[in-house]
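Taking it in order: structure first as structure tokens, then the write-up.
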Amino acid sequence: MKLATWNVNSLNVRLPHVLDWLRDNVPDVLCLQETKQEDSKFPYAALKEAGYNAIHSGQKTYNGVAILSRHEITELTFGIANFEDEQKRVISATINGIRIVCVYIVNGQSVDSDKYDYKMRWLEVLHTWLADELKKYPKLVLLGDYNIAPEDRDCHDPAAWVGEILVSPAERAHFQKLLQLGLHDSFRLFEQAEKSFSWWDYRMMGFRRNLGMRIDHILVSDALKSACQSAHIDKSPRQLERPSDHAPVVLILDKS
DNA sequence: ATGGCTTATTGTATAAGA
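Going by this note's numbering, 49 is the number at position 46 of the first sequence; the sequence numbering is gapless.
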């Protein structure tokens, strides 16, 4: 079973890239973030044509998450239980007996901003909710744009980023707390090239110079750890004309 | 160098992303 996550930075703009990527990679499940469109604009028909069922939770301009699947999608839920949030950042469903949770975690803007405070609250609520979800669904995968680079090796220039979002100690502590729930960073279960990143700034020729961060992740629960076969980041869509600033992150699970 | 790009908005500049 091939699972993937990709922040597309506007599905309206990126749909051709997504369709090409689905055709070339044939994932069983692809989670999307930053669709930036209302449900009424979501391209259900084009995705169905490509062989994918889809569920979406979107809004105009900002945020928006979706799960695409070649298989039946059941038990869909939107958002975090008992947490009022106007921002569409979470969508979940069960596919092939695995609980898929697709998240677009808050960016936070800067560590001294209200948005950062919201990020901290949001991560706290996510943690509490996931503790319950893991009891309900031992086989769980948490995929998405976390907006957290967990370690210095996930940042192209740790010294330059001290004091910035994505790498602050409080954000990293939240990431570690997720791992303490019994989740595993699937990318790090396998040997990876140094300076492996999933996002590169559009500016300053960030991609060509590999000035990136690894902030998109696929965490798997204890019950799925031994099923992980391989994990990688597919940089190829980042090289296309008018790309998303994020690349797809991929995990292969065996069938057991 | 507080910028550097890209996207969306009922725009002609601003906000947000990371």
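Just so you know, even glycine gets a beta-carbon here, dropped at the ideal spot from N, CA and C.
In the structure shown, Arg124 adopts helical secondary structure according to DSSP, grouped into three states. When secondary structure is reduced to three states using DSSP, Leu22 falls in the helix class. Burial check for Pro240: the Cβ neighbour count within 10 Å reaches 16 or more, so the residue is buried. Each of Glu78, Gln242, Arg175, Ala134 was checked against the Cα of Arg211, and the nearest Cα belongs to Gln242. Ser247 is not a Cβ neighbour of Asn66, given a cutoff of 8 angstroms. Contact between the stretch 189-204 and the stretch 12-21 is absent, with fewer than three C-beta pairs closer than 8 angstroms.
According to the DSSP secondary-structure assignment, Met216 is paired through a beta bridge with Cys158, Trp202.
The stretch 212-220 makes contact with the stretch 148-158: 3 or more CB pairs, one atom from each, lie closer than 8 angstroms. When secondary structure is reduced to three states using DSSP, Thr80 falls in the strand class. Considering only Ser72, Ile83, Arg206, the residue with the shortest C-alpha distance to Leu22 is Ser72. Shown here, Val16 sits in a helix according to DSSP, grouped into three states.
C-alpha of Leu33 to C-alpha of Ala7: approximately 5 angstroms in a straight line. Per the C-alpha coordinates, the member of Glu136, Lys122, Ile94, Asn56 positioned closest to Glu174 is Lys122. For Ala176, the enclosing alpha helix (DSSP H) stretches over residues 172-183. For Tyr107, the enclosing beta strand (DSSP E) stretches over residues 101-107. Per the coordinates, the alpha-carbon of Asp31 lies some 24 angstroms from the alpha-carbon of Glu41. If you ignore the 5 residues before and after Lys238, its C-beta comes within less than 7 angstroms of the C-beta of Ala250, all in its own chain and listed in chain order.
Under the criterion of beta carbons closer than 8 angstroms, His177 and Leu126 qualify as touching, at roughly 4 angstroms.
The alpha-carbon of Phe81 is positioned some 7 angstroms away from that of Ser60.
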